[in-house]
Structures are given as structure tokens and as C-alpha cells.
Amino acid sequence: MSMKHDYCMVLSTTSNEKNRDQIIKGLLDAQLAACIQTMPIESHYVWKGEICTDNEWLLVIKTRRELY
Numbered sequence: 004m005s006m007k008h009d010y011c012m013v014l015s016t017t018s019n020e021k022n023r024d025q026i027i028k029g030l031l032d033a034q035l036a037a038c039i040q041t042m043p044i045e046s047h048y049v050w051k052g053e054i055c056t057d058n059e060w061l062l063v064i065k066t067r068r069e070l071y
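First residue of the sequence shown? That's 4 in our numbering, and the numbers climb one at a time after it.
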């Protein structure tokens, strides 16, 4: 019997490489993601009325929808 899976990509950010690596290891060890791509990004946002910019890591997490 063949099982049909719906897949999705989950986007998340983290502030540093240590957190990035912990998230990646945890998701892959638990088999909650098939693949995770990362890239450095610059985030721009308003916080308490001020425009802020931070360097972050973007994680593109490829997984089955049922696991999300």
C-alpha cells in the first residue's frame, strides 16, 4: 500500500550559529526534517518605535506536513 505524503517548507530564523547548529541537529536526529538549508540574512524591523537591523540565520526546513 502506497502512502501519499504532503510536504512543506518551514522558514525560521535564529540569531547565531550555535543555535542554528542545535536546531539542525535536533530536527535531523529526531527525523523531523528531510533537509535543512541555511543562509545568513539581514533582518530589518521596527522595535519600540525604532528601525533595527540584525544579522540572523535563515533556516529552510523541508519536512512532511504531518510533522509540522
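Where a beta carbon is used, it is the ideal one built from N, C-alpha and C, also for glycine.
Just so you know, the alpha carbons of K28 and N19 end up roughly 15 Å apart. Under the three-state reduction of DSSP output, Q25 falls in the helix class. Assigned with DSSP and collapsed to three states, D9 falls in coil, not helix or strand. A residue is called buried when at least 16 other Cβ atoms come within 10 angstroms of its Cβ; A36 meets this threshold and is buried. Ranked by Cα distance from P43, the first of T66, E69, T16 and I64 is T16.
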